[in-house]
Amino acid sequence: MLLEEAEIKLNLIDKNNAPIPARNKGGRGQWVEKQLGMNLSSKLNDFDNGELKAFKETEPIAVTMLLHCFDEVFDRSISFSESKVGKKLKNVLFVQFAKKTGKFVGSVVTNAESHRELYYKLSEDYNDVCEGIRRCYENKEDVHTINGRNGYLQIRSKANKTSKGVYNPLVYNGQQVYHCAMAFYLRNQFARVIFS
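Per numbering that gives the first Met the number 0, the very first residue in the sequence shown carries number 0; after that it's consecutive.
Following this line, the structure appears as C-alpha coordinates:
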(Lines of atoms letter the chains of each structure in order from A; the text may use other names.)
(Lines give C-alpha, C1' and ligand atoms only; values in the text may rest on other atoms or scores of the structure.)
Protein backbone atom coordinates (compact mmCIF):
# COMPACT_ATOMS: atom_id res chain seq x y z
CA MET A 0 0.00 0.00 0.00
CA LEU A 1 1.21 3.49 -0.81
CA LEU A 2 1.31 6.15 1.89
CA GLU A 3 -1.02 8.34 -0.20
CA GLU A 4 -3.65 5.56 -0.26
CA ALA A 5 -3.29 5.08 3.49
CA GLU A 6 -3.84 8.79 4.11
CA ILE A 7 -7.13 8.64 2.18
CA LYS A 8 -8.25 5.55 4.12
CA LEU A 9 -7.21 7.14 7.41
CA ASN A 10 -9.65 9.98 6.79
CA LEU A 11 -12.49 7.44 6.46
CA ILE A 12 -12.03 5.62 9.78
CA ASP A 13 -13.15 6.73 13.23
CA LYS A 14 -9.79 7.20 14.89
CA ASN A 15 -11.41 7.97 18.24
CA ASN A 16 -12.10 4.23 18.58
CA ALA A 17 -8.37 3.57 18.83
CA PRO A 18 -7.47 1.80 22.07
CA ILE A 19 -5.43 3.62 24.66
CA PRO A 20 -2.23 1.60 24.94
CA ALA A 21 -1.17 0.26 28.29
CA ARG A 22 2.13 -1.63 28.22
CA ASN A 23 2.54 -1.83 24.43
CA LYS A 24 2.88 1.79 23.35
CA GLY A 25 2.87 0.62 19.73
CA GLY A 26 -0.60 -0.83 20.15
CA ARG A 27 -2.35 2.25 18.79
CA GLY A 28 -0.18 2.26 15.66
CA GLN A 29 -0.92 -1.43 15.15
CA TRP A 30 -4.65 -0.67 15.51
CA VAL A 31 -4.37 2.07 12.86
CA GLU A 32 -2.53 -0.34 10.53
CA LYS A 33 -5.28 -2.95 10.94
CA GLN A 34 -7.97 -0.33 10.26
CA LEU A 35 -6.15 0.57 7.06
CA GLY A 36 -6.25 -3.09 6.02
CA MET A 37 -2.53 -3.63 6.45
CA ASN A 38 -0.79 -6.73 7.74
CA LEU A 39 1.57 -6.21 10.65
CA SER A 40 5.11 -6.92 9.53
CA SER A 41 8.74 -6.35 10.43
CA LYS A 42 9.62 -4.62 7.15
CA LEU A 43 11.71 -1.47 7.41
CA ASN A 44 8.77 0.68 6.30
CA ASP A 45 5.04 0.19 6.82
CA PHE A 46 4.10 1.36 3.31
CA ASP A 47 5.67 0.69 -0.07
CA ASN A 48 6.87 4.28 -0.10
CA GLY A 49 6.82 5.43 3.50
CA GLU A 50 6.19 4.95 7.18
CA LEU A 51 3.31 5.33 9.69
CA LYS A 52 3.94 6.83 13.12
CA ALA A 53 1.01 6.98 15.54
CA PHE A 54 1.84 8.65 18.84
CA LYS A 55 0.52 10.44 21.88
CA GLU A 56 1.11 14.20 22.00
CA THR A 57 4.04 15.42 24.13
CA GLU A 58 5.67 11.96 24.00
CA PRO A 59 8.73 11.07 21.93
CA ILE A 60 8.13 9.03 18.76
CA ALA A 61 10.12 5.80 18.44
CA VAL A 62 11.82 5.58 15.04
CA THR A 63 13.82 2.33 15.11
CA MET A 64 16.01 0.27 17.40
CA LEU A 65 19.70 1.14 17.57
CA LEU A 66 20.86 -2.49 17.50
CA HIS A 67 20.11 -3.02 13.80
CA CYS A 68 21.64 0.36 12.88
CA PHE A 69 25.07 -0.13 14.46
CA ASP A 70 26.89 -1.08 11.25
CA GLU A 71 25.58 2.09 9.57
CA VAL A 72 26.50 4.24 12.57
CA PHE A 73 30.11 3.08 12.33
CA ASP A 74 30.32 3.24 8.52
CA ARG A 75 30.85 6.94 7.84
CA SER A 76 30.34 6.40 4.10
CA ILE A 77 26.59 5.77 4.66
CA SER A 78 24.72 9.07 4.59
CA PHE A 79 21.60 9.84 6.57
CA SER A 80 19.38 9.44 3.48
CA GLU A 81 20.89 5.99 2.84
CA SER A 82 20.58 4.90 6.49
CA LYS A 83 17.67 2.95 7.99
CA VAL A 84 16.76 6.01 10.09
CA GLY A 85 16.80 8.30 7.05
CA LYS A 86 14.72 5.87 4.99
CA LYS A 87 12.17 5.56 7.80
CA LEU A 88 11.86 9.35 8.06
CA LYS A 89 11.92 10.14 4.34
CA ASN A 90 8.12 9.96 3.88
CA VAL A 91 5.99 9.64 7.02
CA LEU A 92 2.29 9.77 7.89
CA PHE A 93 2.17 11.02 11.48
CA VAL A 94 -1.05 10.39 13.43
CA GLN A 95 -1.34 12.23 16.74
CA PHE A 96 -3.61 11.36 19.68
CA ALA A 97 -4.36 13.43 22.80
CA LYS A 98 -2.32 12.60 25.87
CA LYS A 99 -5.16 12.64 28.43
CA THR A 100 -8.22 11.52 26.47
CA GLY A 101 -6.62 9.38 23.79
CA LYS A 102 -8.77 11.12 21.17
CA PHE A 103 -7.50 11.76 17.65
CA VAL A 104 -5.80 15.17 17.29
CA GLY A 105 -4.70 15.20 13.67
CA SER A 106 -2.47 13.78 10.99
CA VAL A 107 0.21 15.19 8.73
CA VAL A 108 2.58 13.86 6.08
CA THR A 109 6.20 14.97 6.09
CA ASN A 110 8.75 14.01 3.49
CA ALA A 111 12.19 14.93 2.25
CA GLU A 112 10.71 17.09 -0.52
CA SER A 113 7.86 18.95 1.20
CA HIS A 114 9.84 19.47 4.42
CA ARG A 115 13.34 19.77 2.95
CA GLU A 116 14.76 22.00 5.71
CA LEU A 117 13.34 19.79 8.46
CA TYR A 118 14.75 16.65 6.80
CA TYR A 119 18.14 18.39 6.58
CA LYS A 120 17.99 19.22 10.30
CA LEU A 121 17.17 15.59 11.02
CA SER A 122 20.27 14.61 9.04
CA GLU A 123 22.37 16.97 11.17
CA ASP A 124 20.90 15.47 14.34
CA TYR A 125 21.52 11.94 13.04
CA ASN A 126 25.15 12.76 12.33
CA ASP A 127 25.55 14.27 15.82
CA VAL A 128 24.01 11.22 17.47
CA CYS A 129 26.20 8.84 15.45
CA GLU A 130 29.30 10.83 16.36
CA GLY A 131 28.32 10.62 20.04
CA ILE A 132 27.81 6.85 19.82
CA ARG A 133 31.18 6.36 18.11
CA ARG A 134 32.93 8.55 20.70
CA CYS A 135 31.44 6.57 23.61
CA TYR A 136 32.28 3.26 21.94
CA GLU A 137 35.88 4.24 21.19
CA ASN A 138 36.36 5.47 24.77
CA LYS A 139 34.71 2.28 26.12
CA GLU A 140 32.09 4.40 27.90
CA ASP A 141 28.41 3.58 28.16
CA VAL A 142 26.35 5.17 25.43
CA HIS A 143 23.73 7.43 27.01
CA THR A 144 20.90 9.62 25.85
CA ILE A 145 22.35 11.68 23.00
CA ASN A 146 20.48 14.57 21.35
CA GLY A 147 21.23 16.14 17.99
CA ARG A 148 22.04 19.85 17.76
CA ASN A 149 18.53 20.78 16.52
CA GLY A 150 16.76 18.89 19.30
CA TYR A 151 14.65 16.75 16.95
CA LEU A 152 16.39 13.35 16.98
CA GLN A 153 17.94 11.43 19.86
CA ILE A 154 18.85 7.98 21.10
CA ARG A 155 17.66 6.79 24.49
CA SER A 156 16.78 3.58 26.26
CA LYS A 157 13.87 1.46 25.01
CA ALA A 158 13.70 -1.83 26.82
CA ASN A 159 11.59 -4.15 28.92
CA LYS A 160 12.97 -6.38 31.63
CA THR A 161 13.16 -10.11 30.98
CA SER A 162 11.06 -12.62 32.92
CA LYS A 163 14.00 -12.76 35.37
CA GLY A 164 13.62 -9.02 36.08
CA VAL A 165 16.77 -7.89 34.29
CA TYR A 166 17.55 -6.08 31.04
CA ASN A 167 19.39 -7.66 28.14
CA PRO A 168 22.51 -5.54 27.59
CA LEU A 169 23.11 -3.74 24.30
CA VAL A 170 26.26 -5.21 22.71
CA TYR A 171 28.13 -4.34 19.52
CA ASN A 172 31.12 -6.38 18.30
CA GLY A 173 31.42 -8.06 21.67
CA GLN A 174 31.54 -4.79 23.62
CA GLN A 175 28.68 -3.88 25.97
CA VAL A 176 27.50 -0.45 24.90
CA TYR A 177 24.68 0.04 27.41
CA HIS A 178 22.89 -1.98 30.09
CA CYS A 179 19.70 -2.23 27.98
CA ALA A 180 18.36 -1.71 24.46
CA MET A 181 18.24 1.77 22.94
CA ALA A 182 16.36 3.34 20.04
CA PHE A 183 16.31 6.41 17.85
CA TYR A 184 13.45 8.74 18.81
CA LEU A 185 11.92 11.92 17.48
CA ARG A 186 11.62 14.31 20.42
CA ASN A 187 8.35 16.13 21.17
CA GLN A 188 9.81 19.36 19.72
CA PHE A 189 9.64 17.68 16.32
CA ALA A 190 5.90 16.99 16.64
CA ARG A 191 5.28 20.58 17.76
CA VAL A 192 6.95 21.82 14.57
CA ILE A 193 5.06 19.57 12.15
CA PHE A 194 1.68 20.15 13.80
CA SER A 195 2.07 23.94 14.24
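We put the CB at the ideal spot given by N, CA and C, even for glycine.
Here the structure is a predicted model, which is why all the values come from computation and not from measurement.
Go to Tyr177, then tell me how far its alpha helix (DSSP H) extends in each direction, as first and last residue. First-last for Tyr177: 174-177, but that is the beta strand (DSSP E), not the alpha helix (DSSP H).
Using 8 angstroms as the Cβ pair cut-off and three pairs as the minimum, do the region 148-155 and the region 171-189 touch? Enough Cβ pairs lie closer than 8 angstroms, so yes.
Span of the alpha helix (DSSP H) holding Phe189? Following the DSSP letters along the chain, one finds Phe189 inside the alpha helix (DSSP H) bounded by residues 187-193.
Nonlocal neighbours in the same chain, by C-beta distance under 8 angstroms from Lys33, ignoring five residues either side: Excluding residues within five positions, the ones whose Cβ falls inside 8 angstroms are Leu39.
Verify whether the separation of the beta carbon atoms of Lys102 and Asn187 is less than 8 angstroms. Cβ distance not < 8 angstroms, so Lys102 and Asn187 don't count as in contact.
List the whole-angstrom C-beta distance separating Phe93 from Glu56, where the pair is believed to meet the contact cut-off of C-beta under 8 angstroms. No, Phe93 and Glu56 are not in contact; Cβ-Cβ is about 11 angstroms, not under 8 angstroms.
On the DSSP bridge assignment, give the partners of Ala180 in chain order. Secondary-structure assignment with DSSP links Ala180 through no beta bridge to anything.
Measure the alpha-carbon distance for Tyr118 versus Thr144 and round it to whole angstroms. Their Cα atoms are separated by approximately 21 angstroms.
So, are the CB atoms of Tyr151 and Ser82 less than 8 angstroms apart? Result no, Cβ atoms of Tyr151 and Ser82 do not sit closer than 8 angstroms.
Leaving aside the five residues before and after Ser41 along the sequence, list all residues of the same chain whose C-beta is less than 8 angstroms from its C-beta, in chain order. There are no such residues.
Can you tell me which of the three DSSP states Ala61 falls into? In the structure shown, Ala61 sits in a strand (DSSP, three-state: E or B).
Spatial neighbours of Asn110 in its chain, beta-carbon cut-off 8 angstroms, leaving aside the 5 residues before and after: Here the set comprises Gly49, Lys89, Asn90, Val91, Tyr118.
Would you kindly work out how many angstroms separate the C-alpha atoms of Gly25 and Lys139, rounded to a whole number? Rounded to whole angstroms, Gly25 to Lys139 spans 33 angstroms at the Cα level.
Cα-Cα separation between Glu112 and Gly36, rounded to whole angstroms: Glu112 and Gly36 have their alpha carbons spaced roughly 27 angstroms apart.
Alpha-carbon to alpha-carbon, Lys8 and Asp127: So the alpha carbons of these two residues sit roughly 37 angstroms apart.
Where does Lys160 land, buried or exposed, given buried means 16+ other C-beta within 10 angstroms? Counting Cβ neighbours within 10 Å, Lys160 comes out exposed, since fewer than 16 surround it.
Ile132 to Leu1 span [Cα, whole Å]: Rounded to the nearest angstrom, the two C-alpha atoms are 34 angstroms apart.
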